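Going by the numbering used here, the sequence shown opens with residue 402, and the numbers climb by one from there.
All residues carry an ideal CB built from backbone N, CA and C; glycine is no exception.
Since the model is a prediction, treat every value here as computed from it, not as a measurement.
Have a look at the structure below before the remarks.
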Amino acid sequence: MATTTVTLDDLRKDSGAKLLTLTDAFGFAALGAAWAYDRDAERWWYLLVSPMIDSKGPAWVYERLAALFGKLHLPEGISPLDIRIASPNETGFDRIVTNLRVERTAHAFRNIQMGGIDIASIYVYRMGPDDGQSGDRTSRFDARYRELMAA
402 MATTTVTLDD
412 LRKDSGAKLL
422 TLTDAFGFAA
432 LGAAWAYDRD
442 AERWWYLLVS
452 PMIDSKGPAW
462 VYERLAALFG
472 KLHLPEGISP
482 LDIRIASPNE
492 TGFDRIVTNL
502 RVERTAHAFR
512 NIQMGGIDIA
522 SIYVYRMGPD
532 DGQSGDRTSR
542 FDARYRELMA
552 A
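Here it is as structure tokens:
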């Protein structure tokens with residue numbers, strides 16, 4: 402199978418940057434954030450990578466993200482159904498981190514799977530190794546979530 406690069410439109414590029422800023426503002430602090438083109442589904446997914454997936458579970462993380470997105474409103478061009486969350490321990494993440502050092506750029510891949518996505522192309526905002534701050538990140542995110550839900 403040939404390597405294919407699929408172009409990400411400007412609206413998604415902008416919405417992805419705004420979404421990362423939004424999630425950072427409420428303490429999510431993703432290790433990875435990128436639009437990933439799923440070869441099998443023939444669609445773009447916004448991928449957020451966090452060790453909270455391992456420590457708290459995907460349901461805990463996604464429920465909080467969905468509630469926050471409902472309250473804070475997602476940027477134009479992205480919906481909650483476009484967002485996929487993944488652990489930095491998932492197969493494929495280490496290959497992406499090892500091969501990518503440039504942010505806000507597109508890359509073509511061949512045979513990389515992560516979070517159930519067969520990645521053909523990826524537009525990266527942030528991609529870094531686990532920083533050992535999982536507990537602090539979880540506490541900040543949960544505290545910010547509780548503040549916003551109480552407001």
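Selection from the options that minimises the alpha carbon distance to residue i
i	options	result
T390	D441, L466 and I520	This structure leaves residue 390 out entirely; the chain is present only between 402 and 552.
G533	A521, A442 and M453	M453
A437	G471, T422, V407 and M550	V407
G536	A460, E464 and G428	G428
R413	K472, A431, S480 and A426	S480
R485	M528, L473, E443 and A435	A435
As assigned by DSSP and simplified to three states, the class of residue i
i	result
L409	coil
S488	coil
I497	helix
R541	helix
M402	Here the model assigns M402 a pLDDT of 47, short of 50, so the residue's position is not dependable and the matter cannot be decided.
F427	coil
L421	helix
Opposing strand residues paired with residue i [DSSP bridges]
i	result
G433	V450 and M528
M515	I518
D439	R444 and I520
Pairwise C-alpha distance: residue j and residue i
i	j	result
L483	S451	The sequence as given places Asp at residue 483; Leu does not occur at that position. The straight-line gap from Cα to Cα measures roughly 17 Å.
F542	L448	18 Å
Y524	P476	17 Å
M402	I513	Any answer about M402 is weak, because its pLDDT of 47 lies below 50 and its placement is not dependable; what the coordinates show is given next. Looking at the two C-alpha atoms, the distance is approximately 13 Å.
L422	D455	Note on residue identity: the sequence assigns Thr, not Leu, to residue 422. Between T422 and D455, the C-alpha separation is close to 23 Å.
G478	G471	15 Å
7 Å Cβ shell around residue i - same chain, five flanking residues per side excluded
i	result
L469	F427, Y546 and L549
E491	M515 and G516
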